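Trainee: If you want my numbering, it's the 1-based position in the sequence shown plus 376. Positions of the beta carbon are idealized from the N, C-alpha and C atoms, including for glycine. What you are looking at is a predicted structure, and each value in this text was computed from that prediction instead of being measured.
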Amino acid sequence: MTPEEIVLSSADPDTVASGFNRLFETRPQLASFPEIFTPLAGLFAGSDYLTNYILARPNDLDWLTTGEILLSSRGKESMQGHIEMLLTAMEPMPALRRFKHRELARIAARELAGLCEVTEALAEWSTVADIAIDTAITIAETKFLKLHGQPFYTPFEGKEELPARFACLGMGKLGGEELNISSDVDLIYVHSSNNGSTTGKEDGSAITPLHQHFVMVAREVTRLLGESTEDGSVFRVDLDLRPEGTRGEITNSIGAMEVYYESWGQQWERQALLKARVCGGSKQVGDETLRRLYPFMYRKYLDQRAIDEIAAMKGKIDLQLQSKKGVRNAERNIKLGHGGIREIEFVTQAMQLLYAARYPELRTQNTLKALDACRTLGLLSAPHHRDLRESYLFYRRLENRIQYHQLLQTHSMPEYPERLKVLGKLMGFDSEDPAATLLEETKKRQKRVRNIFDLFFKKEEEKKAADSFPAPTDDVETITAWLDSLSFDKPEESARALNTLRNGKPFTHPSERSRLAFDRFGPEIIREAQATPWPDHVLVGFERFVEARGGRDMLYELLDETRPIIKLLSAIFSQSERLTATLIRQPDVLDRMLVADPLERPADRFRYRGEFRSALDGGGTAENKMSSLNMFRSAESLRLGLRRLLGLSDRFELMEGLTKLAEEFLKASFSLAAFETGCGEKGWAVLAAGKLGRREMNYGSDMDLIVFVDDREMDRAGVTLLTQHAIRLCGAYTPYGSGYALDMRLRPYGEKGELVPSINAAEEYYGGKADAWERLALVGARPIAGDEAVGAMVMETMDRFITHPPLTPQESARIAEIRERIADEKVRTGAVDIKFGRGGLIEIEFILQWLALEEPSLGSPPEKEEPFTMSTLARARARKIISAQDTVELEKAYVLYRSLEDALRMDREQALNVIPLDVAALRRLARMVALPGVGPERLLGEVKETMAKVRAVYLDFVSQRAQ
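(1) Go ahead and label His-1180 buried or exposed: buried means 16 or more other beta carbons lie within 10 angstroms of its beta carbon, across all protein chains shown.
(2) Could you confirm whether any beta carbon from chain D is found closer than 8 Å to the beta carbon of Glu-1139?
(3) Is the beta carbon of Gly-1059 closer than 8 Å to that of Asp-1086?
(4) Quick one: grab the DSSP three-state call for Trp-910.
(5) According to DSSP, is Leu-447 part of a helix, a strand, or is it coil?
(6) Starting from Ile-789, follow its DSSP beta bridges and name the residues at the other end.
(7) So, helix, strand or coil for Asp-1080, using DSSP?
(8) Between Ala-489 and Ala-393, is the Cβ-Cβ spacing less than 8 Å?
(9) Would you report the Cα separation of Phe-532 and Val-1334, rounded to the nearest angstrom?
(10) Any idea if Glu-999 is buried or exposed, counting beta-carbon neighbours within 10 angstroms, 16 or more meaning buried?
(11) If distances are taken between C-alpha atoms only, which option among Arg-450, Lys-1320 and Arg-612 comes closest to Gly-1206?
(12) Could you give the DSSP three-state label for Ile-564: helix, strand or coil?
(13) Hey, would you say Val-613 sits closer than 8 Å to Gly-602, going by beta carbons?
(14) What separation, rounded to the nearest whole angstrom, lies between the Cα atoms of Arg-739 and Tyr-670?
(15) Does the stretch 652-663 come close enough to the stretch 503-516 that 3 or more CB-CB pairs lie under 8 Å?
(16) Residues bridged to Val-1170 by DSSP?
(17) Once the 5 residues before and after Met-466 are set aside, which same chain residues still bring their CB inside 6 Å of it?
(18) Hey, out of Met-930, Thr-997 and Leu-831, whose CA is closest to Asp-967's CA?
(19) Buried or exposed: where does Glu-460 fall if 16 or more other Cβ atoms within 10 Å of its Cβ makes it buried?
(20) Can you give me the C-alpha to C-alpha distance between Gln-1186 and Ala-1148, rounded to a whole angstrom?
(21) With Ala-648 and Ile-626 assumed to form a contact (beta carbons below 8 Å), what rounded beta-carbon distance in angstroms separates them?
(22) Any contact between the stretch 987-1001 and the stretch 1243-1252? By contact I mean 3 or more CB pairs, one from each, below 8 Å.
(23) In chain order, what residues of the same chain have a beta carbon less than 6 Å from the beta carbon of Phe-1028, not counting five sequence neighbours either side?
(24) Helix, strand or coil: how does DSSP classify Arg-1071 here?
(25) DSSP on Ser-1013, reduced to helix/strand/coil?
(26) Across which residues does DSSP place Arg-433 in a beta bridge pair?
(27) The beta strand (DSSP E) that contains Ile-1160, what's its start and end?
(28) Just to confirm my understanding: we take Asn-776, look at its own chain, exclude 5 residues before and 5 after, and list those with CB closer than 6 Å. What are they?
(29) Is Val-1290 helix, strand or coil by DSSP?
(30) Determine the direct distance from the alpha carbon of Glu-808 to that of Leu-555, and round the result to whole angstroms.
(31) Kindly indicate the opening and closing residues of the alpha helix (DSSP H) around Ser-394.
(32) So which of Leu-944, Phe-1051, Ile-720 and Glu-987 has the shortest CA-CA distance to Phe-1041?
(33) Throw me the rounded Cβ distance for the Ala-979 and Gly-1033 pair, which I believe falls under 8 Å.
(34) Excluding the 5 residues preceding and the 5 following Val-504 in the sequence, name in chain order all residues of the same chain whose CB lies nearer than 6 Å to its CB.
(35) For Asp-895, is the classification buried or exposed, using 16 other Cβ atoms within 10 angstroms of its Cβ as the cut-off for buried?
(36) Between the alpha carbons of Trp-640 and Leu-1014, how many angstroms are there, rounded?
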């Protein structure tokens, strides 16, 4: 075809004609090469930005139009040769940018002209990014090799030094090799280890710790890629997906990555890691990182919380679209809009999260490959698979054509009619009105995708409810009005629940026997609900429990004949979502509490030990044994909470019980880990610190541990593996929930230190290198598992560190400064935080821990197993170390704070410390803590007054020591 014929058949004849005129003015000889006309016409019609870029740079135009560049695909080897050639001719910054623009122009011309499929274009563009990133890493490593020398690290197993390397994980669409044409690149940097340094220069200078060295490398890579010059940037670099996001280190060691995700990794981070792929630097380092993260990424069990989080992301997508600045006409946004790219990816990734542990075929970063695997495994029907796959390809073609135009990061179809018409033609629509056809086709695909998305994440049907007796329970309108008069907050929802309890859900047919039983005990549920802080939760909780348990006839007979059970269940459903979820997950726990483990029985360490030992002695895999451990832990945690709710124990007995339960669970878990790794239980010890060490566990408390090894008896590498395995076991999800997330950051040197320090390392660290604040943090630390002899040796060192010598005024001032910083960093503006806020629980604990440093005899003898704070406060008062008035204020405050904390955390097993300001929530909290003479309207004021008094005592205490 002649240029004239190509112009007339193009998507935008005027623009293409102008492009050819400019082309032949610059390089008239190209008129003799008709084979390049078609791809260039595609480029001229589809991308103003790349047309102007290429035609303004004759050298780049010559490269593009030479040989087979425009006519055939290019592999990684060809592209690698291209960047190497550019680097011999110019500096790295312009070379990288020239490489990016040339290859992008080539890919755009070929795809827009129909010479390659969109999948090929996306894969080649991802390869361009890989090569650019890998090249930037090589340049950065070479630069700092000259400055610092060769980096080496020593493995913790004590082997000889090995070269330390740096790698980059590509995330998001880069990880899936389906990178957007105008997209950020989401990266996570990682390096071999922090345990070492560079060799320095020949004169012995410039020896640099590994972490510092690789931070410099990471910053240089980011600059090389992302810094904007007259040639633009190579790629905008987004590092927000790294551990701890914008607050985290720019690069982490492999070990730090593993510990972070094992200990604190969240559901969204698991989802993000599904796309992780090594895209530059050391493939060995990258592959090893991903290998260690596999247990976190592909869990064998997802508990209800995790599944709920997956479903909850549906609402977040819609909210993000509604709130995103600049998103107008949401139906034109093919990424975030309903039925768009994001929803296809979301369905696909949800399938991977749920099933990839079971089916390795799903462990792919690429969306299309994952969709195909879902179809092969029967997780998607053929029609749904076809609709999602074809729509994804359609959207990605459309998205490319939207972004090629001006190389902007936009996902919305243009509103300007002429541009929309061109876009329709570029998509292949040759109807009389290509714009209308494009909009119609897009709308059809959005509808199909949205239907599949809604089907996959369909909200639970609203709880059928209803119950009352001024009218039949199926008269929801009358029942709603009646419950409203009884001060139910959600009378309509409660009315529907009551109706379901009597008459069942639609299409179910409860027996007449169960209906008559309910008519007898149903009013008792209403009365008990009215006496609780949150009556609506009682009715909905009963409804969910009945559905989970099944056997309605027998259950209703039990409730009818044993009315105290209604009171017990009402207390659970009203005051604790956590305990409610446990009971619904394990409805048979109710029978156990009525027979085998009655509520009257107090916490018993030896019973716990026996139960856990029986679970370990049973057959089966480690996963089976952890399920058994968690089954008992979950049931006992529920029973202890119930004792507290029903007034059968006080808050200190609850702390004692949760502490004993956690200790024995940890002993069993470490014992299992020792067996699994073949380490045995000699030569190492586990120390508990924080709330566990001080015997003050609550729901949602941190689990601070330090593991020490006597490396004269035991190989450190083996105990490190044991500890890592124990962390995994304790945090693993089972059908009965997970155990505990272990926090190992209190060990010597924190996250930068060895996961398992030796006794000698502990003596060296605590003998002069530890900070003063660590003395407070380790008050109450004690051995709870492992070799008692090793635990005793470590405690000797720890006791010397904690109590000798006395704190200097400068150290005291530093600790006070840290306390203020905690308040600044942890407390949101305007929040009433009873733990971290000024005058909060942490200041009471600081005072008592401080006194324990000064007066070691104030501590409780180990055999007494007393909670630290109140027992220490009582001894300080008896010995007149604290004035009687200050003691009274601190005791009152501590009781108030722990009562509030009990209520907040028992409701949801999270570390909740902030008093709600919502009127309904505040009223509920006031009813739960039931303080004499303090109604809902006074609770907030009472808390603020108490915090002011504690603050005054704390400041006076500190001022006497920091002068």
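Mentor: Let's see:
(1) Numbered from 1 along the sequence shown, position 804 holds the residue referred to as residue 1180. Exposed is the call here.
(2) The chain labelled as chain D is not found in the depicted structure, where only one protein chain is given.
(3) Here residue 1086 refers to the residue found at position 710 of the sequence shown. Here residue 1059 refers to the residue found at position 683 of the sequence shown. It is a contact, given that the beta carbons lie within the stated cut-off.
(4) Mapped onto the sequence shown, residue 910 falls at position 534. Correct three-state label for Trp-910: coil.
(5) Position 71 of the sequence shown, counted from the first residue, corresponds to residue 447. Leu-447 falls in the coil class under three-state DSSP.
(6) Taking the sequence shown and counting its residues from 1, one reaches residue 789 at position 413. Strictly speaking, residue 789 in this sequence is Met, with Ile absent from that position. In DSSP, Met-789 forms no bridge with anything.
(7) Start at 1 with the first residue of the sequence shown, and residue 1080 comes out as number 704. Strand at Asp-1080.
(8) Translated into positions along the sequence shown, residue 489 becomes position 113. Translated into positions along the sequence shown, residue 393 becomes position 17. No, the pair does not count as a contact, with Cβ atoms beyond the cut-off.
(9) Numbered from its first residue, the sequence shown carries residue 532 at position 156. Numbered from its first residue, the sequence shown carries residue 1334 at position 958. Rounded to the nearest angstrom, the two C-alpha atoms are 41 Å apart.
(10) Locating residue 999 in the sequence shown gives position 623, where the first residue counts as 1. Exposed, since its Cβ has fewer than 16 Cβ neighbours within 10 Å.
(11) If you number the sequence shown from 1, residue 1206 lands on position 830. Per the Cα distances, Lys-1320.
(12) Taking the sequence shown and counting its residues from 1, the one referred to as residue 564 is at position 188. Here Ile-564 sits in strand by DSSP.
(13) On the sequence shown, residue 613 is found 237 positions in, with the first residue counted as 1. On the sequence shown, residue 602 is found 226 positions in, with the first residue counted as 1. It is a contact, given that the beta carbons lie within the stated cut-off.
(14) The count along the sequence shown starts at 1 and reaches residue 739 at position 363. The count along the sequence shown starts at 1 and reaches residue 670 at position 294. So the two alpha carbons sit approximately 10 Å from each other.
(15) A contact between stretches requires three or more CB pairs, one per stretch, nearer than 8 Å, and the stretch 503-516 meets this requirement with the stretch 652-663.
(16) Counting from 1 along the sequence shown, the entry for residue 1170 is found at position 794. None, per the DSSP bridge assignment.
(17) For the purposes of this step, residue 466 is taken as the residue at position 90 of the sequence shown. Excluding residues within five positions, none has a Cβ falling inside 6 Å.
(18) Counting from one through the sequence shown, the residue named residue 967 turns up at place 591. With respect to the C-alpha of Asp-967, the residue from Met-930, Thr-997 and Leu-831 having the closest C-alpha is Met-930.
(19) Counted from its first residue, the sequence shown places residue 460 at position 84. Glu-460 comes out exposed.
(20) For the purposes of this step, residue 1186 is identified with residue 810 of the sequence shown, where counting begins at 1. For the purposes of this step, residue 1148 is identified with residue 772 of the sequence shown, where counting begins at 1. Distance between the alpha carbons of Gln-1186 and Ala-1148 is about 10 Å.
(21) Residue 648 sits at position 272 when you count from the first residue of the sequence shown. Residue 626 sits at position 250 when you count from the first residue of the sequence shown. Wrong, their Cβ atoms sit about 17 Å apart, outside the cutoff.
(22) No contact exists between the stretch 987-1001 and the stretch 1243-1252.
(23) On the sequence shown, residue 1028 is found 652 positions in, with the first residue counted as 1. For Phe-1028, same chain residues with a beta-carbon under 6 Å away, outside a window of 5 residues either side, are Pro-1243 in chain order.
(24) Here the question's residue 1071 lines up with position 695 in the sequence shown. When DSSP states are grouped into helix, strand and coil, Arg-1071 belongs to the coil group.
(25) Stepping through the sequence shown from its first residue, residue 1013 is reached at position 637. When secondary structure is reduced to three states using DSSP, Ser-1013 falls in the helix class.
(26) As a working mapping, residue 433 is identified with position 57 in the sequence shown. Within the DSSP secondary-structure output, Arg-433 pairs in no beta bridge.
(27) Here residue 1160 refers to the residue found at position 784 when the sequence shown is read from its first residue. Per DSSP, Ile-1160 belongs to the beta strand (DSSP E) from 1158-1162.
(28) Here residue 776 refers to the residue found at position 400 when the sequence shown is read from its first residue. Excluding residues within five positions, the ones whose Cβ falls inside 6 Å are Ile-557.
(29) For this step, residue 1290 is matched to residue 914 along the sequence shown. Strand, per DSSP.
(30) Start at 1 with the first residue of the sequence shown, and residue 555 comes out as number 179. Start at 1 with the first residue of the sequence shown, and residue 808 comes out as number 432. CA-CA distance, Leu-555 to Glu-808, rounds to 33 Å.
(31) Position 18 of the sequence shown, counted from the start, is the residue given in the question as residue 394. For Ser-394, the enclosing alpha helix (DSSP H) starts and ends at 389-402.
(32) Looking up residue 1041 in the sequence shown gives position 665. Of Leu-944, Phe-1051, Ile-720 and Glu-987, the residue nearest in Cα terms is Glu-987.
(33) If you number the sequence shown from 1, residue 979 lands on position 603. If you number the sequence shown from 1, residue 1033 lands on position 657. Yes, they are in contact, since the Cβ atoms of Ala-979 and Gly-1033 sit about 3 Å apart, within 8 Å.
(34) In the sequence shown, residue 504 corresponds to position 128, counting from 1. Answer for Val-504: Glu-479, listed in chain order.
(35) By 1-based counting over the sequence shown, the position of residue 895 is 519. With fewer than 16 other Cβ atoms within 10 Å, it is exposed.
(36) Here the question's residue 640 lines up with position 264 in the sequence shown. Here the question's residue 1014 lines up with position 638 in the sequence shown. Taking the straight line joining both Cα atoms gives about 24 Å.
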